[in-house]
Amino acid sequence: MRARNDLTPREIVTRLDEYIVGQKDAKKAVAVALRNRYRRLKLDDDMQKEITPKNILMIGATGIGKTEIARRLAAIVDAPFLKVEATKFTEVGYIGRDVESMVRDLTESSIQIVRDEYRKNVRGRAEKRAIDRVAKALAPGIKKEKTGYDNNPLAGMFKGMGVDPNQFAQNNEDDEEETVTTEISSKRAELKEQIAKGVLDSREVEIKVQEKKKTTPNPMSAPMESMGIDLSETLGQLTPTKKVKRKVTVKEAVELFTEEEADKLINQEDINADAVHLTENSGIIFIDEIDKITSKGGQNSGQVSREGVQRDILPIVEGSSVRTKYGTVNTDHILFIGSGAFHLSKPSDLIPELQGRFPIRVELQDLTKDDFVKILTEPQNALIKQYRALLDTENIEVIFTMEAIEKIAEIAFDVNESTDNIGARRLHTILERLLEDLLFESPDMSMGEVKITQKYVEDKIGHIVEDKDLSRYIL
Numbered sequence: 001m002r003a004r005n006d007l008t009p010r011e012i013v014t015r016l017d018e019y020i021v022g023q024k025d026a027k028k029a030v031a032v033a034l035r036n037r038y039r040r041l042k043l044d045d046d047m048q049k050e051i052t053p054k055n056i057l058m059i060g061a062t063g064i065g066k067t068e069i070a071r072r073l074a075a076i077v078d079a080p081f082l083k084v085e086a087t088k089f090t091e092v093g094y095i096g097r098d099v100e101s102m103v104r105d106l107t108e109s110s111i112q113i114v115r116d117e118y119r120k121n122v123r124g125r126a127e128k129r130a131i132d133r134v135a136k137a138l139a140p141g142i143k144k145e146k147t148g149y150d151n152n153p154l155a156g157m158f159k160g161m162g163v164d165p166n167q168f169a170q171n172n173e174d175d176e177e178e179t180v181t182t183e184i185s186s187k188r189a190e191l192k193e194q195i196a197k198g199v200l201d202s203r204e205v206e207i208k209v210q211e212k213k214k215t216t217p218n219p220m221s222a223p224m225e226s227m228g229i230d231l232s233e234t235l236g237q238l239t240p241t242k243k244v245k246r247k248v249t250v251k252e253a254v255e256l257f258t259e260e261e262a263d264k265l266i267n268q269e270d271i272n273a274d275a276v277h278l279t280e281n282s283g284i285i286f287i288d289e290i291d292k293i294t295s296k297g298g299q300n301s302g303q304v305s306r307e308g309v310q311r312d313i314l315p316i317v318e319g320s321s322v323r324t325k326y327g328t329v330n331t332d333h334i335l336f337i338g339s340g341a342f343h344l345s346k347p348s349d350l351i352p353e354l355q356g357r358f359p360i361r362v363e364l365q366d367l368t369k370d371d372f373v374k375i376l377t378e379p380q381n382a383l384i385k386q387y388r389a390l391l392d393t394e395n396i397e398v399i400f401t402m403e404a405i406e407k408i409a410e411i412a413f414d415v416n417e418s419t420d421n422i423g424a425r426r427l428h429t430i431l432e433r434l435l436e437d438l439l440f441e442s443p444d445m446s447m448g449e450v451k452i453t454q455k456y457v458e459d460k461i462g463h464i465v466e467d468k469d470l471s472r473y474i475l
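Just so you know, we're using the UniProt record's numbering here: the sequence shown kicks off at 1 and counts up by one.
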């Protein structure tokens, strides 16, 4: 199992440009860091051990693309990615999450990626088995009563106590004996063909599926996790797997059974080993708000605790072994991306050892009016495209004139300058306020087209922008 690391830096930047406006330096830095991983994997084993990733520290105001760059980067290469808030961790001995939990959470992400890949590899066989099970549910055989305790010497004792022993038996329809007549067999063969062609997709069927084990928070879980023990899983294994009845469409039944059958065909130990390898070589951990754990990041009363968090994070970033329930994960080659606004502090306020572990510093630029125009129109997930799609569900076509878009961008820039700079997030507030009446009235409107002009923008939110006190609270 490998993440897609073979993209060139230029290709990575081009992909990021589809979603994020500007910030060329930051995009270039993460693209080079990712390509270096690919280069490292092509070296001999001895040299691979010596080359460690050059961790990145992104510096810039909120809402200018720091988190989005890291998140999109992980999606582009299909690598395990985890975003954590530095302020959620506390020094050892204090109440809070320990820093090693970020590595365990990253491994969980890897497990999901690897499991999905394994399921895809066996999907053909699993789907065939699933179709067989659905056909069996649609044309059941003549069943013989059978319990999981027929030959159990304790069954009589349970019955003597007035307890039905069958309530403890595992409910598995595959173990039930049944008589299949020629007519039933012929019917099932016909049903399998129809299911495979999708003819019966909308037909309802009652099936039995494995009950998803519910995990409840346990105060003992955190210390046990640090020893590589999953308490909830251990307790879950003490209870037998139950099956529950569900009424679903044939199409949904095939998907549910395909997932179950795929899990039977794959080896969990192989998944665990591949996931640990993927975590170690392709994992990305994004540590946000890292400026808030500097000694000058807040009130003096918490200085010891904040420095303590830095010292706890240090061994993880430097490279250490973390025990997880899937195996020991070495963090030597995990890429760490730190992020912070550094309004009240500066990177040099971090402890020197931690500063040295983030050798690449990238300062992201504040967004200009032109950047806001591009954000509103160019990316695949542009805000205006999102609102147009939402209102299109009400059969209303919304058209924004270029003058209106430029006015919205101008307002966003001005409000950011005169109040707190929250970057592109200001656009969310402005558009929501601008389109509030339209979003409310649209289900009852009969008109098919609405044009948003510069005058419309000025009439709706112009008076709020002019009143500085009002804009602080509303925009």
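Think of the CB as a built atom: it goes at the ideal place given N, C-alpha and C, for glycine as much as any other residue.
Separation of residue j from residue i, as counted between CA atoms
| i | j | result |
| --- | --- | --- |
| K247 | A135 | 15 angstroms |
| residue 494 | R119 | With the chain running from 1 to 475 in the structure shown, residue 494 is simply not present. |
| V189 | K197 | Reading off the sequence shown, one finds Ala at residue 189, where the question assumed Val. The straight-line gap from Cα to Cα measures roughly 13 angstroms. |
| T258 | V250 | 12 angstroms |
| I142 | K88 | 58 angstroms |
| V13 | A31 | 7 angstroms |
| E204 | V122 | 26 angstroms |
| N36 | E100 | 25 angstroms |
| F286 | E206 | 44 angstroms |
| D116 | K243 | 23 angstroms |
| M58 | T419 | 23 angstroms |
| V398 | A61 | 32 angstroms |
| L200 | Y326 | 41 angstroms |
| I337 | L344 | 20 angstroms |
| Q48 | G308 | 32 angstroms |
| L256 | E85 | 35 angstroms |
| K455 | K24 | 34 angstroms |
| H463 | P315 | 54 angstroms |
| A137 | I266 | 24 angstroms |
| I284 | D437 | 42 angstroms |
| R311 | M402 | 51 angstroms |
| A29 | L106 | 22 angstroms |
| F168 | E260 | Because F168 sits at a pLDDT of 49, beneath the cut-off of 50, its placement in the model cannot be relied upon, and the following sentence gives the value as read from the coordinates. Spanning the two alpha carbons is a distance of roughly 22 angstroms. |
| A275 | F413 | 44 angstroms |
| V329 | S320 | 8 angstroms |
| K451 | I405 | 12 angstroms |
| A389 | L427 | 17 angstroms |
| A253 | D44 | 48 angstroms |
| V465 | D371 | 20 angstroms |
Local conformation of residue i per DSSP, three classes
| i | result |
| --- | --- |
| Q23 | coil |
| K208 | strand |
| V180 | coil |
| D437 | helix |
| D288 | strand |
| I246 | At residue 246 the sequence reads Arg, which differs from the Ile that was named. R246: strand per DSSP, three-state reduction. |
| G319 | coil |
| N171 | The predicted position of N171 is uncertain, since its pLDDT is 46 and thus under 50; no value can be drawn from it. |
| T419 | coil |
| T8 | coil |
| T294 | coil |
| M102 | helix |
| R115 | helix |
| F358 | coil |
| E18 | coil |
| V134 | helix |
| V13 | helix |
| G198 | coil |
Run of the beta strand (DSSP E) containing residue i, from where it starts to where it stops
| i | result |
| --- | --- |
| N272 | It is not in any beta strand (DSSP E) - N272 instead sits in the alpha helix (DSSP H) that spans 268-282. |
| F336 | 335-340 |
| V254 | Not the beta strand (DSSP E): V254 falls in the alpha helix (DSSP H), residues 250-265. |
| V450 | 449-452 |
| N330 | 327-330 |
Beta-bridge partners of residue i, as assigned by DSSP
| i | result |
| --- | --- |
| I142 | T179 |
| T324 | G327 |
The alpha helix (DSSP H) enclosing residue i, as first and last residue numbers
| i | result |
| --- | --- |
| I351 | No alpha helix (DSSP H) holds I351; DSSP gives it neither H nor E. |
| K460 | No alpha helix (DSSP H) contains K460, which DSSP labels as neither H nor E. |
| V122 | No alpha helix (DSSP H) contains V122, which DSSP labels as neither H nor E. |
Next on the checklist: Threshold first: 3 residues or longer. Then list the beta strand (DSSP E) segments lying entirely within the segment 360-405, N to C.
Outcome noted: Counting whole runs of 3 or more residues, the segment 360-405 contains the beta strand (DSSP E) stretches 360-363, 397-400.
Next on the checklist: Going residue by residue through the segment 24-95, where are the continuous alpha helix (DSSP H) segments of at least 4 residues, counting only ones entirely within it?
Outcome noted: 24-41, 45-50, 66-77, all fully within the segment 24-95.
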